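One structure below.
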Amino acid sequence: MSATQKIAVHSLSDLKNTTDDALPNYLHSLKFRQIHTQTDVRLVLGYAAVTIAGALFYLDWKFGWDTCKPYTAPAVAAYFALNGAYSYWLWVVEKGVVYEGEGRTGKVRISSHTKKHIPIYEADITFSTPASSLAQTIHVRAPMTRWFTADGYFVAKPFQQWLASEVPVIGAADPNNVVEEIGRGSANASAPDQGQKTFSVDASNAAEILEQLKASGASVAGAGAGGGRRRKA
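Set out below in structure tokens:
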């Protein structure tokens with residue numbers, strides 16, 4: 279499935295934002311449920327600071343300086359404290375988080391970033407499985423030209439294959455998109471339907487299962503490629 283909205287391929291922010299927006303769409307299709315706790319805390323801090331500033335302005339406008347003077351210093355202190363907490367939460371706690379959610383194969387938290395003038399999507403992904411609360415963190419990166427066409431359209435399939443092949447809890451939820459060489463197509467696209475396998479993922483076997491998925495994807499894709507060759511007359 280391709281995105282219908284065309285973007286400027288020379289705009290790094292457009293490339294990253296479009297890719298970020300594709301994350302929840304893909305993970306929700308795999309029955310992941312997004313967790314909004316960190317976003318809610320950030321919104322509470324921001325709205326609280328704005329409310330204090332608005333209330334102080336209203337008191338000054340309605341009753342004059344003499345009435346609101348005793349409240350000005352505490353309100354200003356509270357405003358700066360809330361803004362400081364907001365900045366700390368945004369840059370230290372969230373650290374560029376674009377998605378946090380939970381599915382049947384585990385929890386996943388994704389932070390993304392890019393470097394100036396370099397169209398490479400980098401992500402720090404923390405995940406855990408239902409069998410263990412021990413979280414693991416991996417760093418993955420890929421050129422965004424892999425899932426954007428030359429004229430600026432986003433193509434979902436190679437992006438989904440990249441994520442499924444790199445992140446064990448996503449690969450276990452979507453084994454058909456796990457391939458050894460990203461971008462060759464669905465691993466089971468050319469094979470008969472033999473039933474979807476169920477994987478039991480935990481902290482000890484997540485990496486091993488991902489490698490098995492990649493290997494099975496490589497063998498099926500290779501068989502499909504060999505069967506599609508035609509002999510020249």
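Just so we're aligned: 491 in this note's numbering is position 213 of the sequence shown, and the numbers increase by one with no gaps anywhere. Cβ coordinates follow ideal geometry from the N, Cα and C atoms, glycine included. Note that the structure is predicted; figures quoted are calculated from it, not measured.
**Study point:** Three-state secondary structure assigned by DSSP to VAL429
**Key:** The question names Val, but residue 429 is Asp in the sequence shown. Looking at ASP429 - three-state DSSP - the assignment turns out to be coil, as it is neither helix nor strand.
Practice item. Report back the beta-carbon spacing between PHE405 and PRO453 to the nearest angstrom; my notes put them in contact at under 8 Å. Key: 16 Å between Cβ atoms; not a contact.
Review point. Just the Cα atoms here: how many angstroms apart are GLN312 and LEU301?
Key: 11 Å
Review point. Out of curiosity, what's the CA-to-CA distance linking ALA442 and HIS395?
Key: When rounded, the separation of the alpha-carbon atoms in ALA442 and HIS395 is 27 Å.
Point to revise | Proximity to PHE432 [Cα-Cα], best of LEU293, THR407 and VAL457 | key: LEU293
Review point. What's the gap between the Cα of ILE403 and the Cα of TYR349?
Key: 45 Å
Exercise for review: Taking SER443 as part of the beta strand (DSSP E), name the residues at either end of that continuous run.
Suggested key: Premise fails: SER443 lies in the alpha helix (DSSP H), 434-444, not in any beta strand (DSSP E).
Point to revise | Cβ separation of GLY381 and LYS309, assumed to be a contact under 8 Å, to the nearest whole Å | key: 6 Å
Review point. Would DSSP call SER289 helix, strand or coil?
Key: The three-state reading of DSSP puts SER289 in coil, since its state is none of H, G, I, E or B.
Point to revise | Best match in LYS340, TRP339, VAL376 and THR345 for proximity to THR317 [C-alpha to C-alpha] | key: VAL376
Check your understanding: If you run the structure through DSSP and keep just helix, strand and coil, what is GLY332?
Key -> helix
Practice item. Kindly give me the distance between the Cβ atoms of MET422 and THR345, rounded to whole angstroms, as I take these residues to be in contact under 8 Å. Key: Between THR345 and MET422 the Cβ distance is about 56 Å, and since that is not below 8 Å, they are no contact.
**Study point:** Own chain partners of GLN438 with C-beta closer than 8 Å, once the 5 adjacent residues on each side are dropped
**Key:** For GLN438, where only same-chain residues beyond five positions count, the Cβ hits under 8 Å are TYR304, ASP452 and ASN455.
Point to revise | From GLY324, VAL371, TRP343 and GLY379, residue whose alpha carbon lies closest to that of ASN361 | key: GLY324
Check your understanding: Contact check, GLY374 vs SER390 under 8 Å by CB: the rounded distance?
Key -> 6 Å
Practice item. Please report how far the alpha carbon of VAL418 lies from the alpha carbon of TRP440, in whole angstroms. Key: 10 Å
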